[in-house]
Amino acid sequence: AQSVTQLDSQVPVFEEAPVELRCNYSSSVSVYLFWYVQYPNQGLQLLLKYLSGSTLVKGINGFEAEFNKSQTSFHLRKPSVHISDTAEYFCAVSSSNQAGTALIFGKGTTLSVSS
Amino acid sequence: ETGVTQTPRHLVMGMTNKKSLKCEQHLGHNAMYWYKQSAKKPLELMFVYSLEERVENNSVPSRFSPECPNSSHLFLHLHTLQPEDSALYLCASSQTRQGGLGYTFGSGTRLTVV
Chain A
46 AQSVTQLDSQ
56 VPVFEEAPVE
66 LRCNYSSSVS
76 VYLFWYVQYP
86 NQGLQLLLKY
96 LSGSTLVKGI
106 NGFEAEFNKS
116 QTSFHLRKPS
126 VHISDTAEYF
136 CAVSSSNQAG
146 TALIFGKGTT
156 LSVSS
Chain B
51 ETGVTQTPRH
61 LVMGMTNKKS
71 LKCEQHLGHN
81 AMYWYKQSAK
91 KPLELMFVYS
101 LEERVENNSV
111 PSRFSPECPN
121 SSHLFLHLHT
131 LQPEDSALYL
141 CASSQTRQGG
151 LGYTFGSGTR
161 LTVV
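Here the protein sequences come in this chain order: A and B. Counting from 1 along the first sequence, just add 45 to a position and that's the residue number in this note's numbering. Counting from 1 along the second sequence, just add 50 to a position and that's the residue number in this note's numbering.
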């Protein structure tokens with residue numbers, strides 16, 4: 046079975062500062078990894094995903110994440126945040142084998158960007 | 051814009067009522083999901099349907115009853131709910147059950163049980 050731990054429940058940051066949201070996962074098999082964003086009163090939107098290949102994945106809105114297999118991590122980064130990036134961010138994992146599993150989500154990290 | 055539509059957006063119901071949540075996708079996806087999102091808790095997977103067959107049911111109380119009449123529609127029938135069932139209920143779809151291409155989520159139904 047897989048599990049996801051998002052290490053920070055809240056991350057406050059000033060506008061134009063860099064940010065890193067941390068995610069660690071646990072799995073006995075190969076995995077797919079995802080980051081989703083949720084704005085208030087909306088569903089989840091896919092930011093980026095790692096399926097295979099290059100460990101540095103670029104997504105929408107200037108976000109990127111790096112898959113580190115040895116540390117079982119998939120941290121999300123953005124070099125310069127905007128007020129509009131204020132939202133809830135979820136890391137998720139699923140197994141990549143043929144049987145497949147539904148996505149398992151972390152508890153989320155609230156990113157608050159202030160001016 | 052989301053390709054998954056959920057109705058209603060908000061629902062208030064009493065503990066003795068019966069209501070249904072609806073989810074519709076026209077993305078050609080073959081798998082659909084119900085998740086429950088409560089404050090301060092991870093998203094909880096409730097049900098998974100693949101090609102209209104239920105393939106997962108994660109110990110959800112029987113007061114929640116899913117229905118998938120075709121690959122484009124998913125319902126969640128509710129009856130005799132409890133106040134702790136108040137939450138945001140999210141529907142999602144994916145091309146295949148493996149979900150490797152990610153899920154598309156609806157905007158959710160905010161349910162309040164009084």
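For each residue, glycine too, the CB sits at the ideal point set by N, CA and C.
Chain B within 8 Å of Q87/A, Cβ atoms only:
Looking up residue 87/A in the first sequence gives position 42. Cβ-Cβ to chain B under 8 Å: yes for Q87/A.
Compile a chain-ordered list of the residues in the region 80-93 of chain B whose CB is closer than 9 Å to at least one CB of chain A.
A81, Y83, Y85, Q87, K90, K91, P92, L93
So with CB distances below 8 Å, who are the chain A contacts of S157/B?
Stepping through the second sequence from its first residue, residue 157/B is reached at position 107. Residues of chain A passing the Cβ test: N86, Q87, G88.
Taking T100/A as the reference, give the member of E111/A, L93/A, K94/A with the closest Cα.
Here the question's residue 100/A lines up with position 55 in the first sequence. With distances taken between Cα atoms, T100/A lies closest to E111/A.
Can a CB atom of chain A be found closer than 8 Å to the CB of E101/B?
Position 51 of the second sequence, counted from the first residue, corresponds to residue 101/B. A small correction: the amino acid at residue 101/B is Leu; Glu does not occupy that position in the sequence shown. No - not a single Cβ of chain A is within 8 Å of the one on L101/B.
Starting from L148/A, follow the beta strand (DSSP E) in both directions and report where the run begins and ends.
By one-based count along the first sequence, residue 148/A stands at place 103. Run containing L148/A: none; DSSP gives neither H nor E here.
At 8 Å on the CB atoms, spell out the chain A contacts of V169/B, in chain order.
No answer is possible for residue 169/B: it lies beyond the span of chain B, which begins at 51 and ends at 164.
Segment contact flag, the region 121-141 of chain B with the region 53-65 of chain B, C-beta cutoff 8 Å, min 3 pairs
yes
May I ask you to report which of helix, strand or coil DSSP gives N69/A?
Numbered from its first residue, the first sequence carries residue 69/A at position 24. Looking at N69/A - three-state DSSP - the assignment turns out to be strand.
List the residues of chain B that F150/A touches, going by C-beta distances under 7 Å, in chain order.
As a first step, residue 150/A must be located in the first sequence, where it is residue number 105. Within 7 Å Cβ-Cβ: P92, L93.
Give a yes or no on whether 8 Å exceeds the smallest Cβ distance from E106/B to chain A.
Position 56 of the second sequence holds residue 106/B. Answer yes: the Cβ-Cβ gap between E106/B and chain A drops below 8 Å somewhere.
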